[in-house]
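Peer 1: Here it is, the structure in full.
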Amino acid sequence: MAERKEKTFKFVVVGGGIAGVTCVEQLSSNFPSTDVALITAGRHIKAVTNYKQVSKTLEEFDVLERPSSVLEEKFPNLTVIHSAVKSLHTESHSVETADGRVFGYEKLCICSGARPKLLTQDNPYVLGIRDTDSAQEFQKRLSKAKRIVVVGNGGIALELVYEVEGCEVIWVVKDKAIGNTFFDAGAAQFLIPSLGADKPEVSAPCRRTRYTTEEPASGVAQTFTAGATPRGQSSGTVGPGSALGPDWHQGIVLHGAEEVSRRVSVEYQCEVKRIFTSEDQTLKPESVGSWPVYIQLTNDKTLGCDLVVSATGVVPNTEPFLHGNSVRNPIRMQSGNYLWFLFRVV
0 MAERKEKTFK
10 FVVVGGGIAG
20 VTCVEQLSSN
30 FPSTDVALIT
40 AGRHIKAVTN
50 YKQVSKTLEE
60 FDVLERPSSV
70 LEEKFPNLTV
80 IHSAVKSLHT
90 ESHSVETADG
100 RVFGYEKLCI
110 CSGARPKLLT
120 QDNPYVLGIR
130 DTDSAQEFQK
140 RLSKAKRIVV
150 VGNGGIALEL
160 VYEVEGCEVI
170 WVVKDKAIGN
180 TFFDAGAAQF
190 LIPSLGADKP
200 EVSAPCRRTR
210 YTTEEPASGV
220 AQTFTAGATP
230 RGQSSGTVGP
240 GSALGPDWHQ
250 GIVLHGAEEV
260 SRRVSVEYQC
270 EVKRIFTSED
280 QTLKPESVGS
290 WPVYIQLTND
300 KTLGCDLVVS
310 ATGVVPNTEP
320 FLHGNSVRNP
330 IRMQSGNYLW
340 FLFRVV
């Protein structure tokens with residue numbers, strides 16, 4: 000592998016998100032005479048701008064998507080490589096990209112992010128909500144749905160079940176109570192009636208910073224979305240978009256095909272055993288009617304629906320780095336340098 004190396008860098012950072020971009024900015028500015036490389040699957044990177052230290056524990060900043068050329072112009076010692084990572088070879092200190100190139104490194108920083116943990120792959124009736132694009136796809140498919148099944152008990156599942164109207168929602172949770180990550184069983188029981196009650200027409204003002212996408216003006220960096228090419232362009236490899244933040248549903252109409260306001264039922268302490276289409280359906284469903292997809296639960300219930308929403312969390316994008324390698328992930332930094340700290344997905 001060593002003889003195939005196209006170039007060797009002092010630092011190689013994998014990932015064009017906020018973590019990866021912040022990392023290369025710090026490295027490039029602190030070591031201006033050292034070669035630094037950023038490997039990213041997208042043509043655009045996410046950068047933090049207008050940073051302000053409001054207090055000791057409070058910070059304010061903006062997140063923008065910009066062409067990667069902006070970084071290269073700012074830091075002459077930085078090289079941006081547009082490709083996904085295929086494999087990592089720790090013994091030879093090299094990274095192989097999806098387009099067949101090999102780059103050497105002395106130090107490697109992996110900021111590859113995460114992706115939705117879908118119940119099943121390549122099923123057109125199973126949708127995972129991860130970024131703006133998948134949320135918009137859900138909005139489109141929900142408008143034609145009469146019943147959906149939401150699987151998961153995290154933040155996105157909680158918001159989703161509460162916000163959806165005009166559609167029957169069956170909520171599948173593996174725990175004894177809803178939202179056990181955020182509140183106890185007593186509080187969960189107190190909130191159950193609100194799932195069936197009419198929502199107030201006027202919502203409270205959002206006091207948190209929200210990030211949205213829009214069509215770019217002339218001369219402004221274009222938004223790079225997941226699963227498609229940049230708007231107005233026709234080339235480039237696209238990676239998944241960034242995770243949804245709080246209040247992601249603001250401005251999105253989550254309404255089904257029914258005239259009913261809200262109808263939610265919860266299936267506790269069960270998980271998904273099997274997902275199959277109407278052609279494969281041999282078991283008697285819990286409710287009459289023909290549905291495009293059926294979901295069998297571990298409590299032996301079989302439910303039909305128009306769409307299954309997988310909100311069961313995320314898995315880290317670590318596959319290219321683990322096979323045949325010894326990659327350590329320390330729980331805490333041993334040095335006194337608090338510039339870097341470990342991000343953990345819980």
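So that you can map any letter, position 251 of the sequence shown is 250 in numbering that gives the first Met the number 0, and since no number is skipped, the others follow by simple counting.
The beta-carbon is built from N, C-alpha and C at its ideal position, and this holds for glycine as well.
(1) Using a 10 Å radius around the Cβ and a threshold of 16 neighbouring Cβ atoms, would you call Gly112 buried or exposed?
(2) Alpha carbon to alpha carbon, what distance is there between Phe189 and Asp305?
(3) Can you name, in chain order, every residue of its own chain whose Cβ lies under 8 Å from the Cβ of Phe100, other than the five neighbours on each side?
(4) What does a CB cutoff of less than 7 Å around Ile17 pick up in its chain, not counting 5 residues either side in sequence?
(5) Under a three-way DSSP split, which group does Thr222 fall into?
(6) Are the segment 135-151 and the segment 290-309 in contact at 8 Å, needing three or more beta carbon pairs?
(7) Measure the beta-carbon distance from Asp34 to Phe8 and round it to whole angstroms, keeping in mind my assumption that it falls under 8 Å.
(8) With C-beta atoms as the reference, is Tyr267 less than 9 Å away from Lys175?
(9) Taking Phe275 as the reference, which of Leu321, Val12, Tyr124 has the closest Cα?
(10) Alpha carbons only, please: which of Glu58, Val314, Pro31, Phe182 is nearest the one belonging to Pro115?
(11) Please give the ranges of any beta strand (DSSP E) in the segment 126-212, keeping only runs that are unbroken, at least 3 residues long and fully inside the region.
(12) What does the alpha-carbon distance come out to for the pair Ile109 and Glu24?
(13) Which same chain residues end up closer than 8 Å to Pro192 when comparing Cβ atoms and leaving out the 5 residues on each side of it in sequence?
(14) Sort out for me which residues DSSP pairs Leu63 with in a bridge.
(15) For Arg114, which residues does DSSP report across the bridge?
(16) Over what stretch of residues does the alpha helix (DSSP H) that includes Ile17 continue unbroken?
(17) Consult DSSP for Glu278 and reduce its assignment to one of helix, strand or coil.
(18) With a threshold of 7 Å on Cβ separation, who are the neighbours of Gly178 within its own chain once the five nearest residues in sequence on each side are excluded?
(19) So, with DSSP's three-state summary, where would you put Glu214?
(20) Leaving out the 5 sequence neighbours to the left and right, which residues in its chain are closer than 6 Å to Ser67 when beta-carbon positions are compared?
(21) Could you tell me the distance, in whole angstroms, from the CA atom of Ala184 to the CA atom of Lys300?
(22) Expressed to the nearest angstrom, what Euclidean distance is found between the alpha-carbon atoms of Asn122 and Lys55?
(23) Need the endpoints of the beta strand (DSSP E) that Glu105 sits in, please.
(24) Give the straight-line distance between the Cα atoms of Ala144 and Phe60, rounded to the nearest whole angstrom.
(25) What does DSSP give as the partner residues of Ala40 in its beta bridges?
(26) Please report how far the alpha carbon of Ser91 lies from the alpha carbon of Val11, in whole angstroms.
(27) Hey, Leu194 and Arg261: beta-carbon distance below 9 Å or not?
(28) From what residue to what residue does the beta strand (DSSP E) around Ser309 run?
(29) Specify, as a first and last residue, the run of the beta strand (DSSP E) that Val252 falls within.
(30) Could you spell out the range, first to last residue, of the beta strand (DSSP E) harbouring Lys73?
(31) Considering only DSSP beta bridges, list what Thr301 is partnered with.
(32) Out of curiosity, what's the CA-to-CA distance linking Ser142 and Ser28?
Peer 2: In short, the structure shows the following:
(1) buried
(2) 29 Å
(3) One detail in the question is off: residue 100 reads as Arg in this sequence, not Phe. Contacts found: Glu5, Ile80, Ser82.
(4) Lys45, Val47, Val62
(5) Low per-residue confidence applies at Thr222: pLDDT is 36, beneath 50, and the placement is therefore not dependable enough to give any value.
(6) yes
(7) 5 Å
(8) yes
(9) Tyr124
(10) Val314
(11) 146-150, 167-171
(12) 15 Å
(13) none
(14) Ala46
(15) Val314
(16) 17-29
(17) helix
(18) Asn152, Leu157, Ala187
(19) Low local confidence applies: a pLDDT of 47 at Glu214 is under 50, so the model's placement there is unreliable, with the coordinate-based value given in what follows. It is coil, neither helix nor strand.
(20) Ile44, Val79
(21) 24 Å
(22) 47 Å
(23) 101-109
(24) 39 Å
(25) The partner list for Ala40 (beta bridge, DSSP) is empty, contrary to what the question assumes.
(26) 14 Å
(27) yes
(28) 306-309
(29) Note, Val252: premise wrong, no beta strand (DSSP E); not H, not E.
(30) Segment 68-73 is the alpha helix (DSSP H) holding Lys73; no beta strand (DSSP E) there.
(31) Gln295
(32) 49 Å
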